[in-house]
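This report concerns only the one structure given below.
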Amino acid sequence: MSSSLSPDFFVMWTPEPGRTIEVGPKREPMELPAIPLPLRKEDAHKEHPSDDEIGEGIFDYLRQFPDCPHAAEYARILQEGFPHFLAEIGSQIVMLDARQVDPLYIRRKIRLLKILMLLEPKNPGLLQQIGMAHYQVGTMFSELANCRTDLLRAMSYFQKALGLVEDLTSLNYLAQIDYLLGDYSAAARRWQGVVDRLPQGEARS
1 MSSSLSPDFF VMWTPEPGRT IEVGPKREPM ELPAIPLPLR KEDAHKEHPS
51 DDEIGEGIFD YLRQFPDCPH AAEYARILQE GFPHFLAEIG SQIVMLDARQ
101 VDPLYIRRKI RLLKILMLLE PKNPGLLQQI GMAHYQVGTM FSELANCRTD
151 LLRAMSYFQK ALGLVEDLTS LNYLAQIDYL LGDYSAAARR WQGVVDRLPQ
201 GEARS
């Protein structure tokens, strides 16, 4: 059984067999999976938490821990039962884009993008966005202590994106990461790959 990653704020609750929530405009029943679900601590004392309390607990928990156990199931519950929370995630990402000078906001954006990626794990655009965010925060002087970790995470996401679709942006970022990590021969090979794929014109000269 999973335990809360933040026991001061969340309690894990396993719904009884057959417990449903109402979803959609017709309020049709959707059975909850028999897995531990996060509830906010102030709601955990209730024997039968409401649908809204279940959704809010999952949403708040995922925003902090998008890599938690059962994360994909939690995201599916939000998608099917509480789609307004996914719309809110999109709005928050747009808002955070305007504040990306602060590493705190960039890391918050990464967590939100990871929630969307749980629903579309093979979306190259999302993978690339997460890679770019890790690269951005990894090249900030204030985040120097985490530089290597963030660059390696960025590399992983760019490689996954490239594995799905060929893209010069991801390839160029990978070359920059190779260069920053001291692998100059790999950087040169990747940059040559970028140049080879550019159309004829001034950009190649």
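Residue numbering for the sequence shown follows the UniProt record's numbering, starting at 1 and increasing by one per position.
Using N, Cα and C, we set each Cβ at its ideal position, and we do this for glycine too.
CB-CB under 6 Å to residue 124, same chain, minus the five flanking residues each way: which ones, in chain order? Walking along the sequence shown from the start, residue 124 turns up at place 124. These residues qualify, in order along the chain: 161, 164, 165.
Answer yes if the region 29–43 comes into contact with the region 4–12, meaning at least three C-beta pairs across the two stretches below 8 Å, and no otherwise. For the pair of segments examined, the region 4–12 was found to touch the region 29–43: the number of CB pairs separated by less than 8 Å reaches three.
For my contact list, residue 78 and residue 55 are in at a C-beta cut-off of 8 Å; report their separation, rounded to the angstrom. What you label residue 78 is simply residue 78 of the sequence shown in a count that begins at 1. What you label residue 55 is simply residue 55 of the sequence shown in a count that begins at 1. Here residue 78 really is in contact with residue 55; their C-beta atoms are around 7 Å apart, less than 8 Å.
How long is the line joining the alpha carbons of residue 167 and residue 194, rounded to whole angstroms? To locate residue 167, count along the sequence shown from 1; it is residue 167. To locate residue 194, count along the sequence shown from 1; it is residue 194. Roughly 9 Å separates the two Cα atoms.
Could you give the distance in angstroms between the alpha-carbon of residue 5 and the alpha-carbon of residue 74? Locating residue 5 in the sequence shown gives position 5, where the first residue counts as 1. Locating residue 74 in the sequence shown gives position 74, where the first residue counts as 1. Approximately 15 Å between the Cα atoms of the pair.
If you compare alpha carbons, which of 27, 132, 142 is closest to residue 169? Residue 169 sits at position 169 when you count from the first residue of the sequence shown. Taking the Cα of residue 169 as reference, the smallest distance to any Cα among 27, 132, 142 is reached at 132.
Expressed to the nearest angstrom, what Euclidean distance is found between the alpha-carbon atoms of residue 126 and residue 139? One-based indexing of the sequence shown puts residue 126 at position 126. One-based indexing of the sequence shown puts residue 139 at position 139. Cα to Cα, the separation comes out at about 20 Å.
Would you identify the three-state DSSP class for residue 47, choosing helix, strand or coil? Locating residue 47 in the sequence shown gives position 47, where the first residue counts as 1. In the structure shown, residue 47 sits in coil (DSSP, three-state: anything other than H, G, I, E or B).
For residue 20, the first and last residue of its enclosing beta strand (DSSP E): In the sequence shown, counting from the first residue as 1, residue 20 sits at position 20. Taken as a continuous stretch (DSSP letters only), the beta strand (DSSP E) holding residue 20 covers 20–23.
May I ask you to verify whether the region 25–35 touches the region 43–50, counting CB pairs closer than 8 Å and requiring at least 3? No, the region 25–35 does not touch the region 43–50.
Just curious, the alpha helix (DSSP H) that residue 148 is in, first and last residue? Here residue 148 is taken as the residue at index 148 of the sequence shown, counted from 1. Where residue 148 is concerned, the enclosing alpha helix (DSSP H) stretches over 147–164.
Contained alpha helix (DSSP H) runs [length at least 4] in the region 103–145, N- to C-terminal order: Counting whole runs of 4 or more residues, the region 103–145 contains the alpha helix (DSSP H) stretches 103–119, 124–138.
Give me, in chain order, the residues of the same chain whose beta-carbon lies closer than 7 Å to that of residue 187; leave out the 5 immediate sequence neighbours on both sides. The sequence position of residue 187 within the sequence shown is 187, counting from 1. Contacts found: 175, 178, 179.
Is the Cβ-Cβ distance between residue 115 and residue 157 less than 8 Å? Translated into the one-based positions of the sequence shown, residue 115 becomes position 115. Translated into the one-based positions of the sequence shown, residue 157 becomes position 157. The Cβ-Cβ distance between residue 115 and residue 157 does not fall below 8 Å.
Considering just the uninterrupted stretch of the beta strand (DSSP E) at residue 11, what are its terminal residues? Along the sequence shown, one-based indexing puts residue 11 at 11. 10–13 is the extent of the beta strand (DSSP E) around residue 11.
Measuring straight from C-alpha to C-alpha, what distance separates residue 19 and residue 88? For this step, residue 19 is matched to residue 19 along the sequence shown. For this step, residue 88 is matched to residue 88 along the sequence shown. Using only the alpha carbons, I get a separation of about 26 Å.
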